[in-house]
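There are 2 protein chains.
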Amino acid sequence: MTDPVAPLEDNTEAATKAAVFCAAERLFALHGFQNVSVRDITAEAGVNLASVNYHFGSKDALLFEIFRRRTAELNRERARMLHEANARHDGKPPVREILEALFAPPLRWGTTDNDRRISVQFIIRSRSEGTPEMREALTNDVSHLARFADALIAARPDLPRETVYWRLHFCLGMVHNNRFAEFDRLHVLSDGATREGDVEGLLKRMLDFAEAGFLA
Amino acid sequence: MTDPVAPLEDNTEAATKAAVFCAAERLFALHGFQNVSVRDITAEAGVNLASVNYHFGSKDALLFEIFRRRTAELNRERARMLHEANARHDGKPPVREILEALFAPPLRWGTTDNDRRISVQFIIRSRSEGTPEMREALTNDVSHLARFADALIAARPDLPRETVYWRLHFCLGMVHNNRFAEFDRLHVLSDGATREGDVEGLLKRMLDFAEAGFLA
DNA sequence: GTCTATAGATGGATAGAC
DNA sequence: GTCTATCCATCTATAGAC
Numbered sequence: 019m020t021d022p023v024a025p026l027e028d029n030t031e032a033a034t035k036a037a038v039f040c041a042a043e044r045l046f047a048l049h050g051f052q053n054v055s056v057r058d059i060t061a062e063a064g065v066n067l068a069s070v071n072y073h074f075g076s077k078d079a080l081l082f083e084i085f086r087r088r089t090a091e092l093n094r095e096r097a098r099m100l101h102e103a104n105a106r107h108d109g110k111p112p113v114r115e116i117l118e119a120l121f122a123p124p125l126r127w128g129t130t131d132n133d134r135r136i137s138v139q140f141i142i143r144s145r146s147e148g149t150p151e152m153r154e155a156l157t158n159d160v161s162h163l164a165r166f167a168d169a170l171i172a173a174r175p176d177l178p179r180e181t182v183y184w185r186l187h188f189c190l191g192m193v194h195n196n197r198f199a200e201f202d203r204l205h206v207l208s209d210g211a212t213r214e215g216d217v218e219g220l221l222k223r224m225l226d227f228a229e230a231g232f233l234a
Numbered sequence: 019m020t021d022p023v024a025p026l027e028d029n030t031e032a033a034t035k036a037a038v039f040c041a042a043e044r045l046f047a048l049h050g051f052q053n054v055s056v057r058d059i060t061a062e063a064g065v066n067l068a069s070v071n072y073h074f075g076s077k078d079a080l081l082f083e084i085f086r087r088r089t090a091e092l093n094r095e096r097a098r099m100l101h102e103a104n105a106r107h108d109g110k111p112p113v114r115e116i117l118e119a120l121f122a123p124p125l126r127w128g129t130t131d132n133d134r135r136i137s138v139q140f141i142i143r144s145r146s147e148g149t150p151e152m153r154e155a156l157t158n159d160v161s162h163l164a165r166f167a168d169a170l171i172a173a174r175p176d177l178p179r180e181t182v183y184w185r186l187h188f189c190l191g192m193v194h195n196n197r198f199a200e201f202d203r204l205h206v207l208s209d210g211a212t213r214e215g216d217v218e219g220l221l222k223r224m225l226d227f228a229e230a231g232f233l234a
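So the sequence lines, in the order shown, correspond to chains Y and H. Going by the working numbering, the residue at position 14 of the first sequence is 32; the numbering climbs one at a time, nothing skipped. Going by the working numbering, the residue at position 66 of the second sequence is 84; the numbering climbs one at a time, nothing skipped.
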């Protein structure tokens, strides 16, 4: 529950704001945006009803602020890993290490003992349930993805550019499908053979699959 | 607008019910379940407000009926293609043809001049925004997927079973990511290089990628 | 069966006391 | 800044006229 962004040591304004932020993120991630009311959030956070509008302006503005912060953190971590891969390979990393920079951050956030586990579900959900504002930001704000696309094009200069874009699209689909409900379904289908907890194992499986797909 | 399920030639009870069904499916697919009210649906269908409750019982029951019919149609078409692949290969079709039976039906429904285009978006959306009833059905009703899993296991008996299940999960992620919003984003990212309209081309790209991933 | 009118419940936002 | 009380809009569902 201790959000790294704002301390919770006393009952200052920042503490109330952080409590609302955390409660909203969790409830939205678990139950969906439209299924959570401002009353639910303030009750969960143990603050009064007016707090959301006082600190964030509106319910939608609160949603958007959570969305912006979490996506910025995710993009930063991905960019850092891509930067490190570049440094290791004189600016031309192989496909597998580019994909690892794309896959690893959201997967590692999803580790069962991780507070950020809920943030991943929030981000994935915002992709389909977000406000028009959020969806517009998702559609037009592709600068972070462009760096991955460029790296993949450099790693596979023999492929047509649009082929690389489509394969990046497929990889993103693999990432976005890692929702609680889909894991549960897979668990039922495989009769318990698939263990959700093994994040590093799943990362390796995803990299094996996607790397082979890229080298086709 | 002419739904194949019910004729619209006159103002019978069935015609009203079909009009509500079609209007609801389109509005839900375009704007999300929670963002569409019974008033929106009846206004779009040109019928009175009480029609939804009279013909379907409730808003959620209407949702569930659309969901059940469309998923049943999709599963039937996939099963038919898998059956044909089995017939062509003495009951042991190769990975690529199994995956084609999984990918082709929803993709071909998505052709721009197809009335079923909207049905695919509805099904994809129900996966993340559905009612608890729908999500329970999605989680526990895996018999149609089990046939694909079994076929893939038979095609790749050298792989551990759980590896096949995970790779099937990855393939489903590729399918579920084919939403309008994601196509738009990819269009922006690739600066227009990816054309959404070429369904058969996209099917080939998906099969190339996933087949290679399976043969890793 | 179809439609109008309305009940009954809920939610977002805000005024105003402290 | 915090909190209570409340306004007002919107929604689902239904009763009852025709």
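A virtual CB, placed ideally from N, CA and C, is assigned to each residue, including glycine.
With three or more beta-carbon pairs closer than 8 Å as the criterion, would you say the stretch 184-203 of chain Y touches the stretch 183-190 of chain H?
yes
Indicate whether at least one CB of chain Y lies closer than 8 Å to the CB of methionine 192 of chain H.
yes
For my contact list, glycine 50 of chain Y and glutamate 147 of chain H are in at a C-beta cut-off of 8 Å; report their separation, rounded to the angstrom.
7 Å
Just curious, the alpha helix (DSSP H) that leucine 207 of chain Y is in, first and last residue?
198-207
Can you say whether arginine 223 of chain Y is buried or exposed, counting buried as having 16 or more other CB atoms within 10 angstroms of its CB?
buried
Would you mind working out which of Y:Asp209, Y:Phe140, Y:Asn132 and Y:Glu214 sits nearest alanine 164 of chain H, comparing C-alpha positions?
Y:Asp209
Using Cβ-Cβ distances below 9 Å, what residues of the stretch 30-59 of chain H are close to chain Y?
Gly50, Phe51, Gln52 and Asn53
Pairwise C-alpha distance: valine 70 of chain Y and glutamate 83 of chain Y
12 Å
According to DSSP, is histidine 107 of chain H helix, strand or coil?
coil
Could you check the C-alpha separation between asparagine 196 of chain Y and leucine 207 of chain Y for me, to the nearest Å?
15 Å
For glutamate 43 of chain H, count neighbouring C-beta atoms within 10 Å of its own C-beta (all shown protein chains included) and say buried if the count is 16 or more, exposed if not.
buried
Glycine 109 of chain H versus chain Y: which residues are under 9 Å apart at the beta carbon?
Within 9 Å Cβ-Cβ: nothing; glycine 109 of chain H doesn't reach chain Y, min ~21 Å.
Who are the neighbours of tryptophan 184 of chain Y on chain H, taking C-beta pairs under 7 Å?
Thr212 and Arg223
CB-CB length for alanine 242 of chain H against arginine 96 of chain H, believed under 8 Å
The structure shown does not extend to residue 242 of chain H, since chain H spans only 19 to 234, so no value can be given for it.
Mind checking the stretch 143-165 of chain Y against chain H and listing, in chain order, the residues whose C-beta falls within less than 8 Å of any C-beta there?
Arg143, Arg145, Ser146, Glu147, Arg153, Leu156, Thr157, Asn158, Val160, Leu163 and Ala164
Quick check on the burial criterion: 16 or more other C-beta atoms within 10 angstroms. Buried or exposed for threonine 130 of chain Y?
exposed
Cβ-Cβ separation, leucine 204 of chain H to phenylalanine 121 of chain H (assumed contact under 8 Å), whole Å
About 17 Å separates the two Cβ atoms, so there is no contact after all.
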